Amino acid sequence: MRCIILKVLHTADIHLSPGAPERMDALRRVCHLSRELGCAALLIAGDLFDTPQAAVALRAEVRELFDSIGQEVYLIPGNHDAVAFKSGEYYGRNVHICSDMPVRWEVEGVPLLGIPYLPGRQGVELLRSHVQGEGAPCIVIMHTNFYNSSLSALYFSEDDDDSASACLWEGDLADLPQTYIALGHWHNPTLPPIKVNNVRVAYSGTPYPTSKGENGARHAFLIDVSSEGFDVQGIKIPGVPRRETASFFFVPGEEDKIMEEIESFLEQSADDEVILDLDVAGWVGSISEGACAAEIDRLVGKHRGRWRAINTGTVQVTGIAALPGVASRCLHKLGELEPPDSLALEDCSDPSLQELSRKVREDRDGLYRSALSLLLQQIGRGS
């Protein structure tokens with residue numbers, strides 16, 4: 000029978016700011032969740048505050064919160080709030096902080112290593128030198144970029160210079176003992192955690208979505224530690240909204256239909272626990288750019304009360320008269336083409352062509368719009 004020797008909760012990147020009280024509320028919910036789950040400690044993997052100035056303004060409120068939960072809190076500086084922890088400020092009787100150097104703690108017999116945000120490879124060197132001398136299992140708190148093999152092609156820089164920002168690579172973990180690395184810095188959770196031999200690595204993400212792209216439910220990570228290793232679960236943070244993105248692209252001749260689709264989405268998908276980022280772009284011919292933007296504002300205003308919030312940003316719609324010449328000629332040519340005769344493909348024995356025939360029969364208008372949308376996005380704006 001698996002015997003759990005320790006439970007801790009992992010969060011990060013709260014980015015507390017006096018102008019964003021919802022983030023403090025989310026931290027409060029995480030603290031209460033940690034207590035309800037019976038955790039021995041709460042781990043905060045950097046960027047508790049958005050700025051050093053925010054730390055000064057909110058220190059007393061944070062200290063009061065941490066004292067009220069009666070749990071051990073272990074936190075490290077991130078790139079946003081490193082200065083806030085360099086002068087030994089007091090954040091509560093149960094709060095343990097590393098400033099600009101690693102600190103080794105022990106929680107109910109389990110080694111816990113805090114490594115602050117450090118440029119380049121400094122954090123990796125400290126990780127390896129400290130963890131390899133520890134008994135397993137071990138927990139590490141870091142604030143860094145983690146690149147595994149599936150992402151490496153996206154993040155290699157041309158000059159291969161890692162000095163500007165903290166980074167950790169999959170290969171750095173290959174020969175470490177059983178370790179859970181609680182990460183901060185990236186704002187979306189790693190579900191499930193990445194496993195590299197004996198090591199589990201995960202970003203908890205932000206408890207409250209702070210910017211566009213932080214989509215989906217917000218999680219804290221419950222880590223059950225046993226002599227056999229780690230069991231990691233993403234636990235949804237109750238009462239915190241999720242953020243979602245919906246994108247619409249206008250093509251000439253389809254303006255009314257796309258407006259109907261936007262209104263239908265705003266009405267039928269409304270959820271008062273969702274912060275919606277509404278992305279609208281494209282090209283219009285039968286209405287002006289200003290009229291298009293005004294109608295979208297009207298629709299958003301009509302349905303805004305049924306969502307937690309709706310963010311529209313700038314509507315990126317352009318009149319078709321502005322199309323570059325090559326795109327305009329392609330658009331004209333596409334409009335003259337006749338769609339393929341779906342019946343001509345019905346007797347074909349090739350399964351892929353039969354599937355194409357079915358799609359043409361079911362949604363000829365949709366296929367035309369898709370082709371037109373791709374054309375305008377790739378040729379029009381690319382020019």
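The sequence shown begins at 0 in numbering that gives the first Met the number 0 and counts up one residue at a time. Just so you know, even glycine gets a beta-carbon here, dropped at the ideal spot from N, CA and C. If you're wondering where the values come from, they're calculated on a predicted model, not measured in any experiment.
Three or more Cβ pairs closer than 8 Å define a contact, and the region 132–141 meets that threshold against the region 169–183.
The way I'd put it, the region 218–234 doesn't touch the region 17–26; fewer than three beta-carbon pairs between them come closer than 8 Å.
Within 10 angstroms of the beta-carbon of residue 92 lie fewer than 16 other beta-carbons, which makes it exposed. One alpha carbon belongs to residue 298, the other to residue 188, and they sit about 32 Å apart. Three or more beta-carbon pairs separated by less than 8 Å are not found between the region 255–274 and the region 220–231, which leaves the two stretches without contact. Ranked by Cα distance from residue 40, the options 49, 278, 66, 46 are led by 66. For residue 296, there is no enclosing beta strand (DSSP E); the enclosing alpha helix (DSSP H) has its first and last residue at 288–302. Here DSSP, grouped into helix, strand and coil, assigns residue 18 to coil. Inside the region 19–58, DSSP marks whole alpha helix (DSSP H) runs of 4 or more residues at positions 20–35, from first to last along the chain. Two segments are said to touch when three or more pairs of C-beta atoms, one from each, lie closer than 8 Å; by this definition the region 75–93 touches the region 31–49. A contact between stretches requires three or more CB pairs, one per stretch, nearer than 8 Å, and the region 116–134 fails this requirement with the region 205–216. Judged by their CB atoms, residue 12 and residue 205 are nearer to each other than the 9 Å cut-off. The Cβ neighbour count for residue 321, taken over all protein chains shown within 10 Å, is under 16; the residue is labelled exposed. Taking residue 186 as the centre and dropping the five residues before and after it, the same chain places the C-beta of 12, 204, 205, 213 closer than 6 Å to its C-beta, in chain order. Contact annotation, residue 36 with residue 221: C-beta distance approximately 6 Å; criterion of less than 8 Å satisfied. For residue 172, no alpha helix (DSSP H) run applies, since DSSP gives it neither H nor E. Annotated three-state conformation of residue 105 is strand, per DSSP.
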